[in-house]
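Report on the structure given below.
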Amino acid sequence: DAGVTQSPTHLIKTRGQQVTLRCSPKSGHDTVSWYQQALGQGPQFIFQYYEEEERQRGNFPDRFSGHQFPNYSSELNVNALLLGDSALYLCASSPTGAGHYHTQYFGPGTRLTVL
Amino acid sequence: AQTVTQSQPEMSVQEAETVTLSCTYDTSENNYYLFWYKQPPSRQMILVIRQEAYKQQNATENRFSVNFQKAAKSFSLKISDSQLGDTAMYFCAFMKGDSGGGADGLTFGKGTHLIIQP
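Order-wise, the sequence lines are chains A and B. Start counting the first sequence at 1; every next residue gets the next number (our numbering). Start counting the second sequence at 1001; every next residue gets the next number (our numbering).
Put into C-alpha cells, the structure is as follows:
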C-alpha cells in the first residue's frame, strides 16, 4: 500500500518565477492538505482540498493556489516567488467517513529553494 | 485561533531511559484532537500518537504514551525505554473537531529536538 508521494524532491527557482508541486494521497484517502515548513520551524497550514474544492485556508496570500483532481491527487502552485518562500512543502492526506478520519498522513516533502 | 507551545527546544537522554516532552495549547474549542508527530533527519513526518479530547483515557502506542490534562490544556509525550532510532524532531499538533466530516488543518508547535545518546 503506497503512502503519500510528492514530486519533485528538490526544486531550485529564482525570484519572480512560478512553481508547481505535486502530491498523490495514500490509497483510500480523498482529502489533501498542504503545509509550509521553514527551517527550524513547525509546519504552517496552507490549505486543504476535498471534492476538488478548497475547503479551508490558512494565513497565506493568494500567490499560493491549488488544485485537486478527480483521482484525489493535488497540486500546489506558488506565483511570483519570494526568497521567503524557500521551505519544505509537505502534503498530507486523510480519509473521510467513520474512524480515524482526523488523522493526517504526510509525504516526504518537496524542498524548494528560491534564489 | 489555536496556539501550541513546546517549551523545550532540545532534550538529550541516554539510551533506555524514559523521557517526557512537554506541550501546552490554547483553544476555546471543546471538540478537538491532539497529535504527536516525529520528524527524523529524513524529514518524513511520522504519526506517533493521537488523542481525542472527549476521551479521558490517555492514549498509548507501545513505548509511547501521553499525559492529557484537558483542564490544564497540557499534552505531554512519554517515551519509555528510549532507542537510538527515537532521535528526531517531535512536534505537538492540534486539530479542531468539525461536524462535517473530513480532517481540519493542523496547528503545530515549534518542535523539540530529541537526541538519544548511546
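Even for Gly, the Cβ is constructed at its ideal location relative to N, Cα and C. None of these values were measured; they are calculated from a predicted model.
Buried/exposed call for residue i, threshold 16 Cβ in 10 Å
| i | result |
| --- | --- |
| Arg15(A) | exposed |
| Thr1112(B) | buried |
| Gly42(A) | buried |
| Thr1018(B) | exposed |
| Ala1071(B) | exposed |
| Thr1060(B) | exposed |
| Pro70(A) | exposed |
| Gln1057(B) | exposed |
| Thr31(A) | buried |
Span separating the alpha-carbon of residue i from that of residue j
| i | j | result |
| --- | --- | --- |
| Asn59(A) | Ala38(A) | 15 Å |
| Gln68(A) | Val1013(B) | 44 Å |
| Cys91(A) | Phe64(A) | 14 Å |
| Pro1040(B) | Glu54(A) | 30 Å |
| Met1089(B) | Val1004(B) | 15 Å |
| Arg22(A) | Leu11(A) | 12 Å |
| Pro1118(B) | Arg57(A) | 43 Å |
Option in the options with minimal Cα separation from residue i
| i | options | result |
| --- | --- | --- |
| Gly109(A) | Gly3(A), Thr9(A) and Ala2(A) | Thr9(A) |
| Asp62(A) | Asn71(A), Val78(A), Glu52(A) and Pro70(A) | Val78(A) |
| Glu51(A) | Leu82(A), Ser33(A), Arg22(A) and Leu88(A) | Ser33(A) |
| Ala2(A) | Pro25(A), Gln17(A), Gln18(A) and Lys13(A) | Pro25(A) |
| Ser1080(B) | Phe1064(B), Phe1068(B) and Phe1094(B) | Phe1064(B) |
| Lys13(A) | Leu83(A), Pro95(A), Thr31(A) and Ser27(A) | Leu83(A) |
| Glu1052(B) | Gly1109(B), Leu1021(B) and Phe1094(B) | Phe1094(B) |
| Ser93(A) | Asp85(A), Phe106(A) and Ala87(A) | Phe106(A) |
| Asn1030(B) | Lys1055(B), Leu1084(B), Phe1091(B) and Gly1109(B) | Lys1055(B) |
Supposed close pair residue i, residue j - CB separation, criterion 8 Å
| i | j | result |
| --- | --- | --- |
| Gly1097(B) | Gln48(A) | So it is not a contact: roughly 15 Å between Cβ atoms. |
| Thr20(A) | Glu75(A) | 5 Å |
| Asp1086(B) | Leu1114(B) | 6 Å |
Test item: CB-CB of residue i and residue j under 9 Å
| i | j | result |
| --- | --- | --- |
| Thr1107(B) | Ser1074(B) | no |
| Gln1002(B) | Tyr1032(B) | yes |
| Thr103(A) | Arg1043(B) | no |
| Ser1076(B) | Ala1016(B) | no |
| Lys1078(B) | Asn1062(B) | no |
Closer than 9 Å to chain C by CB, residue i
| i | result |
| --- | --- |
| Met1095(B) | This model lacks chain C altogether; the protein chains it does include are A and B. |
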